[in-house]
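Under my numbering, the first residue of the sequence shown is numbered 173, with each subsequent residue one higher. For glycine and all other residues, C-beta sits at the position ideal for the given N, C-alpha and C. Keep in mind that this is a model prediction, so the values were computed, not measured. Contents: one structure, followed by commentary.
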Amino acid sequence: MIQAIDILAIGAHPDDVELGCGGALAALRERGKTFGILDLTRGEAGTRGTPEIRARESAEAARILGATFRTALDLGDGNLRTDRDAELQVIDVVRRARPRLVFAPHEKDRHPDHVRASRLSVSASFYAGLRSLVREEPAHRPQQVVFYLSSFVAEPSFLVDVTDVFDRKVASIRAYASQFYDPLSEEPRTFISSEEYFLGIEARAQTFGRLANVRHAEAFVSNAPPVLADPVAAFEGYEPEDPAPRAGSRYPR
Ligand SMILES: [Zn+2]
């Protein structure tokens, strides 16, 4: 049941949100913020599992992270629709959930559905605020859409320390038993079901954590710089560094 929350996390497929920003959501929940999850598809194109299994798994993952609600549209896994009808369906969710902030996939990614989901999230979040667009629910425009990372790495605009909730993020990913590494599974091996992929989830969080001298962090990209209430606290644990060796991006492409 969709209701008003602080953050709406949008993913193309069930499990995208857990992988990209599950830690930040769990950490924000600890700080009293509420969130809902919108999956744009049912994940029916996945090589492993079935939509029914994934629906059960995604409900359990949402429970582990502390979501207020999780809802799914049916915009087509493997050919995500971004036409006006699709946009209106997302607009209706945004208007009902009335989020202050939207988490969406970063548009530079290996999976074309993530690219489309990113653009759809931005356009729907903007158009949801148009009073001239009359729907059942009144207009609402979130403050901002910020982007979590999936496969590719981008220069973060900010990091969220997820050290204290990293176990919960991993548990939410493990809830998708049909999708990820399981040495006993007889289903076909896929990009995300390899042991290397699963190990990479923690490696990614550690890499971003190293930038901020914390154990695990998730990275976000924002088109507008966030305002820090307390820059002193925001750089707790950092050290000054010589930026010269890192001119341009500090990450290999
Ligand atoms: Zn995905």
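Rounded to whole angstroms, what's the CA-CA distance from Ser329 to Ala234? Just pull it up for me.
Going by the C-alpha atoms only, they are around 26 Å apart.
DSSP three-state call for Arg200: helix, strand or coil?
According to the sequence provided, residue 200 is Leu. The question's Arg does not apply to it. Note: Leu200 maps to helix in three-state DSSP.
DSSP beta-bridge partners for Gly390?
In the sequence as presented, Gly is not what sits at residue 390; that position holds Glu. DSSP lists Val332 as partners of Glu390.
With distances taken between CB atoms, is the gap from Ala289 to Gly183 smaller than 8 Å?
Yes. Within cutoff.
For Tyr320, count neighbouring C-beta atoms within 10 Å of its own C-beta (all shown protein chains included) and say buried if the count is 16 or more, exposed if not.
Tyr320 should be labelled buried.
What first and last residue would you give for the alpha helix (DSSP H) that runs through Leu383?
That run of the alpha helix (DSSP H) goes Glu367 to Leu383.
Our contact map puts Glu389 next to Asp336 with C-beta atoms below 8 Å; I'd like the distance itself, whole angstroms only.
Here the sequence assigns Ala to residue 389, which means Glu is not the residue at that position. Actually they are not in contact, since the Cβ atoms of Ala389 and Asp336 sit about 11 Å apart, beyond 8 Å.
Expressed to the nearest angstrom, what Euclidean distance is found between the alpha-carbon atoms of Leu252 and Phe380?
Cα to Cα, the separation comes out at about 30 Å.
So, do the region 190 to 207 and the region 292 to 304 have three or more beta carbon pairs nearer to each other than 8 Å?
Flag = no, the region 190 to 207 and the region 292 to 304 do not touch.
Could you tell me the distance, in whole angstroms, from the CA atom of Asp285 to the CA atom of Phe370?
When rounded, the distance between both Cα atoms is 21 Å.
Are there 16 or more other CB atoms within 10 angstroms of the CB of Asp257, so buried, or fewer, so exposed?
Exposed, because fewer than 16 other Cβ atoms sit within 10 Å of the Cβ of Asp257.
Could you tell me which of Leu305, Ala326, Pro314 and Leu210 sits nearest to Lys280, measuring between CA atoms?
If we check each option's Cα against that of Lys280, Ala326 comes out closest.
For the beta strand (DSSP E) containing Asp211, name the first residue and the last one.
Residues Phe207 to Asp211.
Pull up the distance between the alpha-carbon of Pro398 and that of Thr240, whole angstroms please.
Straight-line Cα distance between these residues: approximately 25 Å.
Does the distance between the C-beta of Asp211 and the nearest non-hydrogen atom of ligand 1 fall short of 7 Å?
Every heavy atom of ligand 1 is 7 Å or more from the Cβ of Asp211, so no.
Please report the distance separating the alpha-carbon of Ala375 from that of Glu309.
Whole-angstrom Cα-Cα distance: 42 Å.
Sorry if obvious, but does the Cβ on Asp336 come closer than 7 Å to a heavy atom of ligand 1?
False, no ligand heavy atom lies under 7 Å from that Cβ.
Say yes only if the C-beta of Asp333 is nearer than 7 Å to one or more non-hydrogen atoms of ligand 1, and no if none qualify.
No, ligand 1 has no heavy atom inside 7 Å of this Cβ.
Please return the same chain residues whose Cβ sits closer than 6 Å to the Cβ of Pro223, not counting the five positions on each side in sequence.
Around Pro223: Arg214 and Glu216.
Can you pull the DSSP bridge partners for Thr219?
Looking at the DSSP assignment, Thr219 forms no beta bridge with any residue, so it has no partner.
Could you tell me whether the Cβ atoms of Phe275 and Ile345 are closer together than 8 Å?
It is not a contact, given that the beta carbons lie outside the stated cut-off.
Using a threshold of 8 Å, state whether the C-beta atoms of Gln315 and Arg272 are closer than that.
Yes, the pair counts as a contact, with Cβ atoms nearer than the cut-off.
Please state the DSSP three-state secondary structure of Leu191.
Here Leu191 sits in helix by DSSP.
Buried or exposed for Val404, please, with buried defined as at least 16 other CB atoms from any protein chain shown within 10 angstroms of its CB.
Val404 should be labelled exposed.
Should His283 be counted as a contact of ligand 1 given a C-beta to heavy atom distance under 7 Å?
The answer is yes for His283.
Report the CB separation of Leu400 from Ala406 in whole angstroms; it is logged as a contact under 8 Å.
Contact holds; Cβ gap of about 5 Å.
May I ask you to report which of helix, strand or coil DSSP gives Phe338?
Note: Phe338 maps to helix in three-state DSSP.
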